[in-house]
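Protein chains in written order, with this note's numbering: chain A, 17 to 127; chain B, 105 to 568.
C-beta atoms are modelled at their ideal positions from N, C-alpha and C, and glycine is treated no differently.
Computed from a prediction, not measured in an experiment: that's the story for all the values here.
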Amino acid sequence: MQILQRVAERHRPAVAFTLDGAPVCALEGDTVLTAILTQQAHLRRTEFTGAARAGFCMMGACQDCWVLTESGARLRACTQMIESGMQLRTRPLQGSGVLPLTDPWPPGEAV
Amino acid sequence: MNAIQPVIVGAGPAGIRAAQALVQAGLKPIVLDESFHPGGQIYRQPPPGFTRPKSQLYGTEHHKADSLHRQMQAMESSIDYRPQSLVWNAQGHALDVIQAGRSTRVEFSHLILATGATDRVLPFEGWTTPGVYTLGASQIALKFQGTVIGSRVTFLGTGPLLYLVAYQYVKAGANVVAVLDTGSLAARAGALAGMLRTPALLAKGLVFMAYLCAKGIPMLSNVRPVRVQGQERVRGLVCRSADGGRERTFDCDGIGYGLGLRSETQLASLLGCEYRFHARDRAWLPQRDEAGRSSLPQVYLAGDGAGIMGADAAERAGERAALALLADAGMAIDQNRAQQLEHQLQHIDRSRTVLERAFPFPADMVPSVADEVVLCRCEEVTVGTVRRAIADGSIAEMNRLKALTRVGMGRCQGRMCAAATAELLASARNVPLADVGRIRTQPPVKPIPIMACPPPAACEKAGT
């Protein structure tokens, strides 16, 4: 079950993306955080205990909403807008350990 | 060629009014802001394509929001506005700024820091569970995204924001289970007399409370959180009275939580500004004079980032700091206006003291929190780990505690845990809060891509 409930601004164009490999839809103008938490109840699992986290401050301060992309980039979900075709992961890529070893920050990716 | 190149960090009410005053004096400030659009957190603008009117987004404050947004539009060609720009380091007369994945160096002759604030929180059992958000986050979800943080939401904490956000949620059609104030009714009633001198403040607060009351939303005082129910997400909130008594459970799947605000002072720290302890904010803050001058020449402070006084004060402090900058640069300023702004700020400052009395910080939550509770969300350091380190007896201040336990060393750089850690250390050592100091800021102040790291010289400096 999702955390965030839409109560306004429901009439926006749909944006398709994938979440842990599954095709899902958000609305144009959603943050990555909104796009994921209107689908499910967590964004990430912590490195040390594996506890579920779903962000906390939504203003770029707590750093508790980082998610991965299929290509290994990391995105801060509350300050990144959803884009059509994004491939998002709430779990690390298989076999890569906790952090991907490939360049996690291609130029142009928003911080 | 202009030798004066002012830079403003932050495009909230303080930053915008500062920019306006500089533009009026013929300068072209660079305005760096982390957000997509100007307005700060309080007057944050929704993404393009959203249709709710400002009166719905900002309520009684919509004229102020509109005025600031329009001011930014009007200055489009007269300032160098750089949104989505994170200032991650500050040394001497230069800032390191990340924009679109690349770090650049921005030099300033004069700097106005208007960095704003985030929610102040203390840990309690289950506060990291998905579905627990700050009050600021709860409001951003609604204002910026048209969403609410659960299908049954409980609000917990203290401060004007508690009632404001609950009111906004009910108005938006959300199911609000209860509003739980950690402060006592007696504290709020006692502060009423002071509030009579600031009738606008009182009227607004009463409107929110009366509305919630009329809608049948339970409002309780003197509440202490015991634990959040649920592991993978919030399933309920267990509370009790501050005086003890039996536990009471609220069935909810979202919790909006906050205990007032705390200033974002990292850049002032990196620059080497002197700090002083501010008893009302229970925090070490960069020192500033009435006009907003820091202890460093050409560095000015304005808005909630230099002490919590709210958005109205931020507008005035931003303008006042800009006037100080102009005067220091040898330019003529309107002295009457400068004095008027200072008078207004003093007045707001007095009403702020009354507000703090009405919504006192529940410092007693700290000694009673269980050892197993996570204190540092980033590094998952528990309260028990920190308590054991303190019990050793050799730790007198925050930086030592950080070095030994990693508390405050994670991605958020102590934003979410430093206030609680300081309270914990002070109460365990039985010394005044001021005596445990503050965490010295290290760059980067927020996580940055390693690929964007600037030339080695700056990195060496940053690593010291």
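Please confirm if residue i has its CB atom under 8 angstroms from at least one CB of chain B.
i: Asp46(A); result: yes
i: Leu84(A); result: no
i: Ile19(A); result: yes
i: Thr34(A); result: no
i: Glu25(A); result: yes
i: Arg61(A); result: no
i: Arg28(A); result: yes
i: Ala93(A); result: no
i: Ala38(A); result: no
i: Met97(A); result: yes
i: Arg22(A); result: yes
i: Ala67(A); result: yes
i: Thr106(A); result: no
i: Ala57(A); result: yes
Under a Cβ-count criterion, where at least 16 other Cβ atoms within 10 Å of its own Cβ denotes burial, should residue i be classed as buried or exposed?
i: Asp438(B); result: exposed
i: Glu180(B); result: exposed
i: Thr208(B); result: exposed
i: His214(B); result: buried
i: Asn193(B); result: buried
i: Pro303(B); result: exposed
i: Lys319(B); result: exposed
i: Glu476(B); result: exposed
i: Val127(A); result: Residue placement at Val127(A) is flagged as unreliable, the pLDDT there being 38, under the threshold of 50; the coordinate-derived value follows with that caveat. Counting Cβ neighbours within 10 Å, Val127(A) comes out buried, since at least 16 surround it.
i: Ala444(B); result: As written in the sequence, residue 444(B) is Gln, which differs from the Ala given in the question. Result: exposed.
i: Val535(B); result: exposed
i: Gln177(B); result: exposed
i: Met17(A); result: exposed
i: Thr568(B); result: Note that Thr568(B) has pLDDT 42, beneath the 50 cutoff, so the model's placement of it is unreliable and the number below is only indicative. The residue is exposed, with fewer than 16 neighbouring Cβ atoms inside 10 Å.
i: Thr65(A); result: exposed
Report the CB separation of residue i from residue j in whole angstroms; it is logged as a contact under 8 angstroms.
i: Thr489(B); j: Leu505(B); result: 10 angstroms between Cβ atoms; not a contact.
i: Met520(B); j: Arg481(B); result: 5 angstroms
i: Leu226(B); j: Val470(B); result: 6 angstroms
i: Arg352(B); j: Cys343(B); result: 6 angstroms
i: Ile359(B); j: Val473(B); result: Ile359(B) to Val473(B), Cβ: 16 angstroms. No contact.
i: Gly422(B); j: Arg121(B); result: 4 angstroms
i: Ala218(B); j: Ile108(B); result: Contact flag wrong, Cβ pair sits at about 18 angstroms.
i: Val252(B); j: Ala278(B); result: 4 angstroms
i: Val48(A); j: Gln96(A); result: 5 angstroms
i: Ala70(A); j: Leu59(A); result: 5 angstroms
i: Gly569(B); j: Thr233(B); result: In the structure as shown, chain B starts at 105 and stops at 568, and residue 569(B) therefore has no counterpart that could be examined.
i: Gln370(B); j: Gln517(B); result: 7 angstroms
i: Tyr315(B); j: Tyr271(B); result: 6 angstroms
i: Ala282(B); j: Ile244(B); result: That pair is no contact at about 22 angstroms.
Can you tell me which residues form a DSSP beta bridge with residue i?
i: Asp200(B); result: Asn193(B) and Arg209(B)
i: Arg544(B); result: Paired residues: none, contrary to the question.
i: Leu215(B); result: Val111(B) and Val403(B)
i: Thr95(A); result: DSSP output for Thr95(A) lists no bridge partner at all.
i: Ile134(B); result: Val111(B) and Asp184(B)
i: Trp231(B); result: BP columns for Trp231(B) are empty, so no partner.
i: Leu324(B); result: Leu284(B)
i: Gln21(A); result: Val252(B)
Below 7 angstroms, is the gap between the Cβ of residue i and the nearest heavy atom of the ligand MN?
i: Ala436(B); result: Ligands displayed in this structure: none; no statement on the ligand MN is therefore possible.
Do we get a CB-CB distance below 8 angstroms when we pair residue i with the residues of chain A?
i: Asp223(B); result: yes
i: Ile253(B); result: yes
i: Arg339(B); result: no
i: Tyr237(B); result: yes
i: Arg515(B); result: yes
i: Ile244(B); result: yes
i: Pro322(B); result: no
i: Glu501(B); result: no
i: Thr262(B); result: no
i: Pro571(B); result: Any property of residue 571(B) remains undetermined from this structure, which presents chain B solely from 105 to 568.
i: Glu229(B); result: no
i: Pro234(B); result: yes
i: Glu336(B); result: yes
i: Gly277(B); result: yes
i: Gly240(B); result: yes
Can you name the residues of chain D whose CB is closer than 8 angstroms to the CB of residue i?
i: Gly250(B); result: Chain labels in this structure do not include chain D; the protein chains are A and B.
Scan the stretch 463-490 of chain B for residues whose Cβ lies nearer than 7 angstroms to a Cβ of chain A and list them as they occur along the chain.
-> Listed by position along the chain: Arg481, Cys482 and Glu484.
Cβ-based contacts, 9 angstroms cut-off: residues of the stretch 127-156 of chain B near chain A = Those residues of the stretch 127-156 of chain B that come within reach of chain A (Cβ to Cβ, closer than 9 angstroms) are Glu138, Ser139, Phe140, Gln145, Arg148, Pro150, Pro151, Pro152, Gly153, Phe154, Thr155 and Arg156.
Residues in the stretch 517-536 of chain B having any Cβ partner in chain A nearer than 9 angstroms | Against chain A - using a Cβ distance shorter than 9 angstroms - the residues of the stretch 517-536 of chain B are Gln517, Arg519 and Met520.
Interface positions of the stretch 69-83 of chain A facing chain B (Cβ-Cβ less than 9 angstroms), listed along the chain | Flagged, chain order: Arg69, Ala70, Gly71, Phe72, Cys73, Met74, Met75, Gly76, Ala77, Cys78, Gln79, Asp80 and Trp82.
Please list the residues of the stretch 179-190 of chain B that have a C-beta atom closer than 9 angstroms to any C-beta atom in chain A, keeping them in chain order.
-> Taking 9 angstroms as the Cβ-Cβ cut-off, the stretch 179-190 of chain B approaches chain A at Gln188 and Leu190, given in chain order.
Would you list, in chain order, the members of the stretch 279-293 of chain B that have their beta-carbon closer than 7 angstroms to a beta-carbon of chain A?
-> Those residues of the stretch 279-293 of chain B placed with their C-beta closer than 7 angstroms to a C-beta in chain A do not exist.
Identify each residue in the stretch 352-365 of chain B for which the Cβ-Cβ distance to at least one residue of chain A is less than 8 angstroms, and report them in chain order.
-> Those residues of the stretch 352-365 of chain B that come within reach of chain A (Cβ to Cβ, closer than 8 angstroms) are Asp357 and Gly358.
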